[in-house]
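Asker: Numbering (the working numbering), first residue to last: 122 to 443.
For reference, the structure I am asking about is given below.
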Ligand SMILES: Nc1ncnc2c1ncn2[C@@H]1O[C@H](COP(=O)(O)OP(=O)(O)OP(=O)(O)O)[C@@H](O)[C@H]1O
Ligand SMILES: [Mg+2]
């Protein structure tokens, strides 16, 4: 488990991380989302000890990440693989040698049959068995990221840190890379931390997400909870505003989760209560293959009580909007 307690980090006068507290469970895919400059990469670099922090604590499996004990820090770093937006591959090495690089760095003999088997196995895992001896410049962006993923796994890490790993890729390739990360999480049991400014990434794979704004945690929760029923700050991040709603009548927002019934609640309400209303806003979204949604209906003021009673009776969450 990874635990951050009241972590603060400054660069000179610039306070970049302000009192960050969060916990990432083993085997979880955890998202850290926020705008550019929010402090996401700095946070990740503090977790793997590339950056020192001024106060607070970071623990990985109960061992504090601290530059004071360099030997211990190196052991911690060995537990964590990392991938980046720009892949960071060495152009003069082929795919095989790029993947082997961390072993060489750690003084592991890469010529033993075990090491060779491991490297080849990982290259196959990421689907590049046909590209084993190709140089990075002959690969597409998605393929380069696959090499970087294999390289990050070669020392059998427990944790994979991804810093904007899909930001340079088009949507279709992004989905493929995210599916690969999900497979790695499931099959190898690796904890994955995904730093991103892309909502799609969090929605597709993260079980939990922390929203970071100007170095502070704004909210932590399941993505579907935070996105379907966003706070004001999260709404601003999502560029969602409800100003387009009608002024006449009463606007009620309804929330549909995986616990909501599959009944056609809206049409049944119209029929059973014998009322008219309009649907003023709606969104339906996919979260890790489940569909969640939210809907704003505009009703006549005088129907308020019976509509709210009806919604309660069918277990739909609602909120009357100002
Ligand atoms: N080595 C450094 N020295 C001084 N300031 C830094 C350093 N690294 C980052 N910063 C500053 O810290 C703030 C947070 O940067 P960081 O890279 O963590 O943001 P980010 O959320 O990852 O942004 P992006 O989405 O653009 O990658 C920025 O204002 C940045 O200028
Ligand atoms: Mg960054």
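Every residue, glycine too, gets a C-beta built ideally from N, C-alpha and C.
1. Where in the stretch 255 to 284 do unbroken runs of the alpha helix (DSSP H), each at least 4 residues long, occur, reported from the N-terminal end onward?
2. Taking 8 Å as the cut-off, decide whether the C-beta atoms of residue 256 and residue 212 are in contact.
3. Find the nearest neighbour of residue 226 within the set 234, 208, 392 and 198, judged by alpha-carbon distance.
4. Does DSSP classify residue 323 as helix, strand or coil?
5. What does DSSP give as the partner residue(s) for residue 442 in the beta ladder?
6. For residue 236, report the span of its alpha helix (DSSP H) as first-last.
7. Is it buried or exposed, residue 228, if we count other Cβ atoms within 10 angstroms and call 16 or more buried?
8. Given a cut-off of 8 Å, decide if residue 379 and residue 324 are closer than it, judged by their beta-carbon atoms.
9. How would you call residue 175, buried or exposed, if buried means at least 16 neighbouring beta carbons within 10 angstroms?
10. Closer than 7 Å to a non-hydrogen atom of ligand 4 - does that hold for the CB of residue 335?
11. Please name the residue in 263, 209 and 276 whose C-alpha comes closest to that of residue 237.
12. Let me know the secondary structure DSSP gives residue 162 once reduced to three states.
13. Leaving aside the five residues before and after residue 337 along the sequence, list all residues of the same chain whose C-beta is less than 8 Å from its C-beta, in chain order.
14. Just the Cα atoms here: how many angstroms apart are residue 162 and residue 294?
15. Could you check the C-alpha separation between residue 410 and residue 287 for me, to the nearest Å?
16. Find the nearest neighbour of residue 383 within the set 403, 368, 413 and 401, judged by alpha-carbon distance.
17. If you draw a straight line from the alpha carbon of residue 171 to that of residue 262, how long is it in whole angstroms?
18. Less than 6 Å between C-beta atoms, sequence neighbours within five positions excluded: which residues of the same chain meet that for residue 131?
19. Could you spell out where the beta strand (DSSP E) holding residue 128 opens and where it closes?
20. With respect to the beta strand (DSSP E) encompassing residue 374, which residues constitute its N-terminal and C-terminal limits?
21. Would you tell me roughly how many angstroms separate the C-alpha atoms of residue 224 and residue 215, rounded to the nearest one?
22. Considering only C-alpha positions, which residue in the set 222, 333, 416 and 369 is nearest to residue 157?
23. Please list the terminal residues of the continuous alpha helix (DSSP H) segment that includes residue 397.
24. Have a look at 206, 205 and 232 and flag the residue whose alpha-carbon is nearest the alpha-carbon of residue 218.
25. Could you tell me if the beta carbon of residue 284 falls within a distance shorter than 7 Å of some heavy atom in ligand 2?
26. Using three-state DSSP, classify residue 436 as helix, strand or coil.
Answerer: By the coordinates alone:
1. Taken in chain order, the complete alpha helix (DSSP H) segments of 4 or more residues contained in the stretch 255 to 284 are 262 to 274.
2. Taking the first residue of the chain shown as 1, we reach residue 256 at position 135. Taking the first residue of the chain shown as 1, we reach residue 212 at position 91. Remark: C-beta atoms of residue 256 and residue 212 approach each other more closely than 8 Å.
3. Position 105 of the chain shown holds residue 226. Ranking the options by Cα distance to residue 226, first place goes to 198.
4. If you number the chain shown from 1, residue 323 lands on position 202. In the structure shown, residue 323 sits in a helix (DSSP, three-state: H, G or I).
5. For the purposes of this step, residue 442 is taken as residue 321 along the chain shown, with counting starting at 1. Paired residues: none, contrary to the question.
6. Counting from 1 along the chain shown, the entry for residue 236 is found at position 115. Segment 234 to 246, the alpha helix (DSSP H) holding residue 236.
7. The sequence position of residue 228 within the chain shown is 107, counting from 1. With fewer than 16 other beta carbons inside 10 angstroms of its own, residue 228 counts as exposed.
8. Walking along the chain shown from the start, residue 324 turns up at place 203. Walking along the chain shown from the start, residue 379 turns up at place 258. Inclusion of residue 324 and residue 379 in the CB contact set at 8 Å is not warranted, their separation being larger than that value.
9. Position 54 of the chain shown, counted from the first residue, corresponds to residue 175. Residue 175 should be labelled exposed.
10. Here the bound small molecules are ligand 1 and ligand 2; ligand 4 is not part of this structure.
11. By 1-based counting over the chain shown, the position of residue 237 is 116. Out of 263, 209 and 276, 276 has the C-alpha closest to the C-alpha of residue 237.
12. Position 41 of the chain shown, counted from the start, is the residue given in the question as residue 162. In the three-state DSSP reduction, residue 162 falls in the helix class (H, G or I).
13. Against the chain shown, residue 337 aligns to sequence position 216. Within the same chain, Cβ atoms closer than 8 Å to the Cβ of residue 337 are found at 139, 140 and 141, the five residues on either side in sequence being excluded.
14. Indexing the chain shown from 1 puts residue 162 at position 41. Indexing the chain shown from 1 puts residue 294 at position 173. When rounded, the separation of the alpha-carbon atoms in residue 162 and residue 294 is 22 Å.
15. Taking the first residue of the chain shown as 1, we reach residue 410 at position 289. Taking the first residue of the chain shown as 1, we reach residue 287 at position 166. When rounded, the separation of the alpha-carbon atoms in residue 410 and residue 287 is 19 Å.
16. Position 262 of the chain shown holds residue 383. Here the closest residue by C-alpha is 413.
17. On the chain shown, position 50 is the one that residue 171 refers to. On the chain shown, position 141 is the one that residue 262 refers to. About 26 Å.
18. Translated into the one-based positions of the chain shown, residue 131 becomes position 10. Excluding residues within five positions, the ones whose Cβ falls inside 6 Å are 175.
19. Counted from its first residue, the chain shown places residue 128 at position 7. That run of the beta strand (DSSP E) goes 123 to 132.
20. Start at 1 with the first residue of the chain shown, and residue 374 comes out as number 253. Start and end: 371 to 377.
21. Here residue 224 refers to the residue found at position 103 when the chain shown is read from its first residue. Here residue 215 refers to the residue found at position 94 when the chain shown is read from its first residue. Residue 224 and residue 215: Cα-Cα distance of roughly 15 Å.
22. In the chain shown, counting from the first residue as 1, residue 157 sits at position 36. Selected option, being the one with the closest Cα: 333.
23. Walking along the chain shown from the start, residue 397 turns up at place 276. Counting along the chain, no alpha helix (DSSP H) covers residue 397, and no H or E run does either.
24. As a working note, residue 218 is residue 97 in the chain shown. With distances taken between Cα atoms, residue 218 lies closest to 232.
25. Within the chain shown, residue 284 is the residue found at index 163, counting from 1. For residue 284, the CB falls within less than 7 Å of some heavy atom of ligand 2.
26. On the chain shown, position 315 is the one that residue 436 refers to. Three-state result, residue 436: coil.
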